[in-house]
Structure formats: structure tokens, C-alpha cells
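Numbering (our numbering), first residue to last: 1 to 108. Down below is the structure, laid out as C-alpha cells.
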């Protein structure tokens, strides 16, 4: 479902945690707009499906799970990114040390 420009609700992916995070983030960030747009659909089939889906989506338990999942997945998405950045920084430091040692050997 397309919402505004550059916004959409994404399918859940089984491949990466970051994909889970992006799917849940899209729903959580655009939840109000999604509900508003679902209530005003022109297509009879879409309106009927939205009418059946909205009570489940607006259920307190669903909303608690949605925003709890959003918080947990945000953290699990941030951890590998931080680890990757640390590894890149460590690799860069190692290369700089090797370059410095090489330059010192060539000077003497």
C-alpha cells in the first residue's frame, strides 16, 4: 500500500533483521496515516478488507506488540551497524599503523 510520496508499508522479510526493522518501522511511523487512508478507500473490495482489518490493527494488544517490536528491532538493527563501524575503524587504524611503520623503516 502506498501512502505519501516515498512511504509504503513493506512486506516482512525472513532474510535480515534490518528488513524486519524497516517493515515494522514503516508501519509504526505511518500508522495514523494508514488508518486514515484505509477508512476512506473508494474501491468496494479494498474498503471491505480494510473494514475487517481495522478492528484487529487498532486493537490495544496489537499496538503494544507493534511498538514493542519496533523498539526491540531498532536496537537489534543498531547493534550490527555499530559493530561494522567499529570493525572499519579498527581496520583503518591498523592500516595507518602499518603505513607509519613502513614510512619509519624507509626513512632510516
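Glycine included, C-beta positions come from ideal geometry on N, C-alpha and C.
Between the Cα of residue i and those of the options, spot the shortest distance and give me the residue it belongs to.
i: residue 63; options: 26, 97, 31; result: 31
i: residue 18; options: 93, 75, 35; result: 75
i: residue 34; options: 57, 84, 48; result: 57
Check whether the Cβ atoms of residue i and residue j sit closer than 8 Å, and answer yes or no.
i: residue 28; j: residue 67; result: yes
i: residue 50; j: residue 39; result: yes
i: residue 21; j: residue 77; result: yes
i: residue 109; j: residue 25; result: Because the chain is modelled from 1 through 108, residue 109 falls outside the range shown and cannot be assessed.
With DSSP collapsed to three states, give me the class of residue i.
i: residue 39; result: helix
i: residue 177; result: Because the chain is modelled from 1 through 108, residue 177 falls outside the range shown and cannot be assessed.
i: residue 52; result: helix
i: residue 58; result: coil
i: residue 96; result: helix
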